[in-house]
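Per numbering that gives the first Met the number 0, residue 0 is the first one in the sequence shown, and the count goes up by one each step.
Working notes, structure below.
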Amino acid sequence: MVHAPSRPPAGAPPVRVNLYSDTQTKPTAAMKAAMMQAEVGDEQHGDDPSVHELCDRMAKLLGKEAAIFLPSGTMCNQVAILTHCRPGDEVLAHRNAHIISSEGGGPGALAGVMVTGLDGERGMFDVPTLQAAFREKRRHSPPQTLLEVEQTANFGGGAVWPIDQLNAVLHAAHEQGMATHMDGARLMNAVVAAGVPADEMVAGCDSVWLDFTKGLGAPLGAVLCGSEAFIDAAWKWKQRLGGSLRQAGIVAAACTYALDHNIARLAEDHDNAKILARGLAQLEGITVEEPETNLVFFDTTATGMTAEELSVKARAKGLMFSAMGRYRGRACTHLDVDRAGVEEGLQILREVLAA
Ligand SMILES: *Cc1c(COP(=O)(O)O)cnc(C)c1O
Numbered sequence: 000m001v002h003a004p005s006r007p008p009a010g011a012p013p014v015r016v017n018l019y020s021d022t023q024t025k026p027t028a029a030m031k032a033a034m035m036q037a038e039v040g041d042e043q044h045g046d047d048p049s050v051h052e053l054c055d056r057m058a059k060l061l062g063k064e065a066a067i068f069l070p071s072g073t074m075c076n077q078v079a080i081l082t083h084c085r086p087g088d089e090v091l092a093h094r095n096a097h098i099i100s101s102e103g104g105g106p107g108a109l110a111g112v113m114v115t116g117l118d119g120e121r122g123m124f125d126v127p128t129l130q131a132a133f134r135e136k137r138r139h140s141p142p143q144t145l146l147e148v149e150q151t152a153n154f155g156g157g158a159v160w161p162i163d164q165l166n167a168v169l170h171a172a173h174e175q176g177m178a179t180h181m182d183g184a185r186l187m188n189a190v191v192a193a194g195v196p197a198d199e200m201v202a203g204c205d206s207v208w209l210d211f212t213k214g215l216g217a218p219l220g221a222v223l224c225g226s227e228a229f230i231d232a233a234w235k236w237k238q239r240l241g242g243s244l245r246q247a248g249i250v251a252a253a254c255t256y257a258l259d260h261n262i263a264r265l266a267e268d269h270d271n272a273k274i275l276a277r278g279l280a281q282l283e284g285i286t287v288e289e290p291e292t293n294l295v296f297f298d299t300t301a302t303g304m305t306a307e308e309l310s311v312k313a314r315a316k317g318l319m320f321s322a323m324g325r326y327r328g329r330a331c332t333h334l335d336v337d338r339a340g341v342e343e344g345l346q347i348l349r350e351v352l353a354a
């Protein structure tokens with residue numbers, strides 16, 4: 000079975016509990032009302048007031064000079080890499096980074112860069128590991144121009160970089176003459192979990208973006224932030240990749256709504272993730288990685304089933320979660336799953352495992 004089916008499986012029962020991803024949230028009536036009321040204009044011409052409002056708020060929130068609205072987080076990463084790097088450059092990132100595993104080979108295909116994966120627990124690495132990857136600046140070495148970090152580290156289990164460790168690796172990269180980029184798909188989850196203000200958390204990043212379609216519940220949209228000069232250069236790539244939009248304010252309004260209403264409540268998702276993890280740990284054959292945010296990874300080896308096999312059985316009973324490795328499942332809490340939903344999901348898994 001293909002991991003990300005292009006259509007729901009034929010004859011599948013309705014989904015009762017969706018722990019597949021925080022991308023699966025549906026816009027609420029209140030969010031849709033905000034979208035309906037949005038003042039809009041031609042975004043490509045710089046005439047959409049709702050997009051400007053969102054970008055101004057994001058630049059301020061993240062303590063950067065400027066911001067650019069893009070359709071997706073993947074496009075933020077690709078535009079950032081294209082803007083920071085030249086073909087033949089080397090990007091350093093954790094070996095499980097989304098830019099390596101999940102962006103269709105974009106860094107190679109589009110920017111012509113190579114990405115070298117670094118080792119480290121839970122999607123993070125330390126300064127000695129980073130420094131070991133530095134190359135002598137010689138004629139025959141690829142220019143190492145960019146360090147990329149993920150906050151939270153998705154395949155690292157939704158782990159939050161401790162601020163000191165984060166600043167230390169970003170500083171070491173700067174000392175080496177590299178630029179620094181943060182994939183902040185779930186940055187606000189990290190901010191809420193760590194209690195560190197967003198601008199402080201990303202102070203050492205030359206560029207950083209936030210996704211509005213993950214825990215924040217918007218239908219689409221992401222905002223990339225950086226210096227005036229960086230964002231100016233990023234606009235060229237936005238245009239080239241077909242990311243310039245027209246009345247985009249209708250979507251930006253959903254993102255601004257999310258900034259106002261859906262950040263503090265991420266703490267509920269984190270609490271639900273802990274409850275889910277505790278419940279999963281009691282199931283026969285499941286080993287759980289302790290969650291730090293809203294992603295709960297678990298190992299299915301001792302059930303005798305791959306994560307995919309278990310997920311297919313769960314899906315037949317109305318529970319969705321994702322298979323992120325042969326025996327590694329991921330269940331994700333978000334604003335469309337409450338405490339009762341978590342309990343129902345656990346009950347479904349209990350039944351599947353008992354069968
Ligand atoms: C989801 C995700 C992305 C990509 O974001 P999209 O908006 O789905 O394109 C990038 N990085 C990480 C860590 C993610 O989880």
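Quick reminder that beta carbons are idealized off the backbone N, C-alpha and C, glycines included.
Beta-bridge analysis with DSSP links W208 to D182, L223. As for any beta strand (DSSP E) of minimum length 3 sitting wholly inside the segment 299-344, the runs are 327-331, ordered along the chain. Going by beta carbons, A251 and S49 fall inside the 9 angstroms limit. Contact annotation: the segment 40-58 touches the segment 222-231, with at least three C-beta pairs closer than 8 angstroms. Its Cα nearest to that of V351, the residue K312 stands out among G324, M323, K312.
In the DSSP assignment, N17 is bridged to M319. Between the C-alpha atoms of H97 and S71 there is a straight-line separation of about 13 angstroms.
Relative to ligand 1, M181 has its C-beta separated by 8 angstroms or more from all heavy atoms. Going by DSSP, M113 is part of the beta strand (DSSP E) stretching over 113-117. The beta carbon of D47 sits closer than 6 angstroms to those of V39, G40, A247, G248, all from its chain and outside the five residues before and after it, given in chain order.
Look at Q77 here: in three-state DSSP terms it is helix. Counting along the chain, the unbroken alpha helix (DSSP H) around Q130 starts and ends at 126-132.
Distance from the CA of E307 to the CA of D210, rounded to the nearest whole angstrom, comes to 27 angstroms.
Of the heavy atoms belonging to ligand 1, at least one sits nearer than 8 angstroms to the Cβ of A221. One thing to note: E291 has its Cβ no nearer than 9 angstroms to the Cβ of A353. In this structure, T73 has its CB closer than 8 angstroms to one or more heavy atoms of ligand 1. In this structure, G122 places its C-beta atom within 9 angstroms of the C-beta atom of E149. For R185, the CB falls within less than 8 angstroms of some heavy atom of ligand 1.
Distance from the Cα of A29 is smallest, within the candidate group N261, G242, G278, for N261. A distance criterion of 8 angstroms places the beta-carbon of H97 in contact range of ligand 1, judged by its closest non-hydrogen atom. With a cut-off of 8 angstroms on Cβ pairs, the segment 158-167 is in contact with the segment 188-202, counting three or more such pairs.
Checking the 8 angstroms criterion, the Cβ of E308 is out of range of every heavy atom belonging to ligand 1.
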